[in-house]
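Heads up: the structure comes next, in structure tokens.
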Amino acid sequence: MTIHQAIASPGCGCDSQDMLHALISIDEALTRIAGNVAPAGRTEALSLDHAFGRILAQPVRSRSMAPAFDNAAMDGYAIATSALTGAGPWVLPVVARVPAGQAVTTPVAGAVAARIFTGAPIPNGADAVVMQEDVLRDGDVIHLSHRPEPGLNVRRAGSDMYKGATVLDKGRRLGPREIAACAAAGAGILRVRRRLRVALLVTGDEVRRAGGAREEAQIWDVNTPMLTAGLAAADVDVVASAHGADNLAGLVRELGDMAAQADLVITTGGISVGEEDHVKPAVMALGGETLFSGVAIKPGKPVSVGRIGKAHWLGLPGNPVSTFVTWQVFGLALIRALSGAGPAPTRRHVVTAGPIRRKPGRCELRPATLAGFDGHGREIVSFEDATHSARVGLLSPADGLMFLPADVESLPAGALVEFQPFCQS
Ligand SMILES: Nc1nc2c(c(=O)[nH]1)N[C@H]1C(S)=C(S)[C@@H](COP(=O)(O)OP(=O)(O)OC[C@H]3O[C@@H](n4cnc5c(N)ncnc54)[C@H](O)[C@@H]3O)O[C@H]1N2
Ligand code: MOO
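Residue numbers (the UniProt record's numbering): 1 to 425.
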């Protein structure tokens, strides 16, 4: 490689083909997670007020029709359209007043009207509500000049949900929209998954608390605050968070303790091939096993998933951009599988703002920024000229990851590529 090429495409220096034989593809890694990781079985019953962010463990069914009764969609007058004989206009006496929340007793029988308000039950006999703006009120009568269609401004019972309808399937995460659906269905208590217990071990002798004192050759810890924020957004309980030194005995002790109390242990760093990389040996020393170790991606090649005793283990690389990318792609998939959450958000197609030249070999997940639409209405993404696994500054302007297939060496501007938006987690 010439010096010019090295500067133009610095990457992480680990693309050589001879390293690829042990690596699996992204989709194979995701398939292994989906096929081998079952939800941690614990559930609990929570009231709607406390269920935000949780995953449904049972489907929600509507306890009644919604709306439960025919009701008015407008303030106005309930009438029986069949009683409007001739060509009109019609003069109808107002025989009742029906506010919302009040059971109605007086029927609309014949050519009469009931004063009605939005949400109030439609009186027997009425089949339409005329907006008050469309009539002339004169004392105890209304003047109506246009014949309304039957059903005008009537919200029919069960038109939103019928009784017993499945409103939400199990596996749905409860956000405000889902909570609204449960409330409308009369589901006040929900059976949800217990929060996942997650332990975080960020390794590296060189790593110091962000913003704190550091000696020469030491660095601020990006991974702990980044993943702590991601875990908070993923609505898990962080049961332990520690900084692990680069030595085998210490890591064996800490990983053993964490695996005893967590459903999932996440490590960062110490997972590559150097003799300072002790995470995998520590997992093995604890009798652990790997589901996979190494994926043909850039960045994040060493990412690993396995088990330590009963706990699952997610080994993320130390370079913070690699950590974030592998967290987004594999970490969130693992958390979804363990939480019994539904399928992953799908990738979509976008077009490239400029041409791409790259070294083939591993599928590249390059941070990319949504930059508007082209003349065909397709979303465009802009991006840096290479993926830099340690340049954290390039992450926050990006909106997601652009997938460049392993064998692709160059692409013109306007090429269609897959794009996975970043999750808030
Ligand atoms: N000879 C080889 N060397 C490397 C290979 C390889 O295949 N052969 N792979 C490279 C790749 S790809 C990656 S990714 C890294 C992964 O290394 P580790 O996961 O073992 O991570 P560390 O070596 O511990 O750290 C890498 C890098 O990241 C910095 N770091 C670590 N933790 C933090 C943190 N909490 N906050 C900020 N920065 C952190 C650390 O100082 C290193 O610079 O290995 C390559 N090497
Ligand atoms: O440095 Mo690596 O870029 O995560 O594969």
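Just so you know, even glycine gets a beta-carbon here, dropped at the ideal spot from N, CA and C.
Query, Result
"Residue interval of the alpha helix (DSSP H) (run including residue 339)", "332-339"
"For residue 274 and residue 289, the rounded distance between their alpha carbons", "20 Å"
"DSSP-derived helix/strand/coil call for residue 280", "helix"
"Burial state of residue 383 (16 or more Cβ within 10 Å)", "buried"
"Nearest-angstrom Cα separation, counted from residue 138 out to residue 57", "57 Å"
"Rounded C-alpha distance that separates residue 408 from residue 379", "21 Å"
"Three or more C-beta pairs below 8 Å linking the segment 171-189 and the segment 99-110", "no"
"Buried or exposed by the 16-neighbour rule on C-beta atoms within 10 Å, applied to residue 312", "buried"
"Cut-off 8 Å between Cβ atoms - residues of its own chain near residue 347, not counting five sequence neighbours on either side", "403, 418, 419, 420"
"Local Cβ density within 10 Å of residue 296, reported as buried at 16 or more and exposed below that", "buried"
"From 153, 75, 111, residue whose alpha carbon lies closest to that of residue 89", "111"
"Reduced DSSP category for residue 10 - H, G, I as helix; E, B as strand; rest coil", "For residue 10, the predicted model reports a pLDDT of 36, less than 50, meaning its position is unreliable and no value from the coordinates is stated."
"For residue 197, the residue or residues it bridges with in DSSP", "237"
"Beta-carbon proximity check, residue 119 vs residue 108, cutoff 9 Å", "no"
"Residue burial classification, residue 7 (beta-carbon count within 10 angstroms, cutoff 16)", "Since pLDDT at residue 7 reaches only 30, below the 50 mark, its modelled position is unreliable, and the value read off the structure follows with that caveat. Residue 7 comes out exposed."
"Proximity test, Cβ basis, 9 Å: residue 316 and chain D", "Here chain D cannot be found, since the structure has a single protein chain."
"Residue 397 and residue 369 closer than 9 Å at C-beta", "yes"
"Contacts around residue 222, its chain only, beta-carbon distance under 6 Å, and the 5 residues preceding and following it disregarded", "320, 392"
"Classification of residue 385 by the beta-carbon crowding that lies within 10 angstroms, buried from 16 upward", "exposed"
"Whole-Å CB distance - residue 53 paired with residue 174, under 8 Å assumed", "6 Å"
"Cα-Cα separation between residue 239 and residue 358, rounded to whole angstroms", "42 Å"
"Rounded C-alpha distance that separates residue 10 from residue 366", "In this predicted model, residue 10 has a pLDDT of only 36, less than 50, meaning its place in the structure is not dependable; the value taken from the coordinates is given anyway. Spanning the two alpha carbons is a distance of roughly 14 Å."
"Any non-hydrogen atom of ligand 2 within 8 Å of residue 317 CB", "yes"
"Reference residue 232; option with closest CA among 163, 326, 332", "332"
"Ranges of the alpha helix (DSSP H) found wholly within the segment 153-236, counting only runs of at least 4", "176-184, 223-233"
"C-alpha gap between residue 424 and residue 46, whole angstroms", "24 Å"
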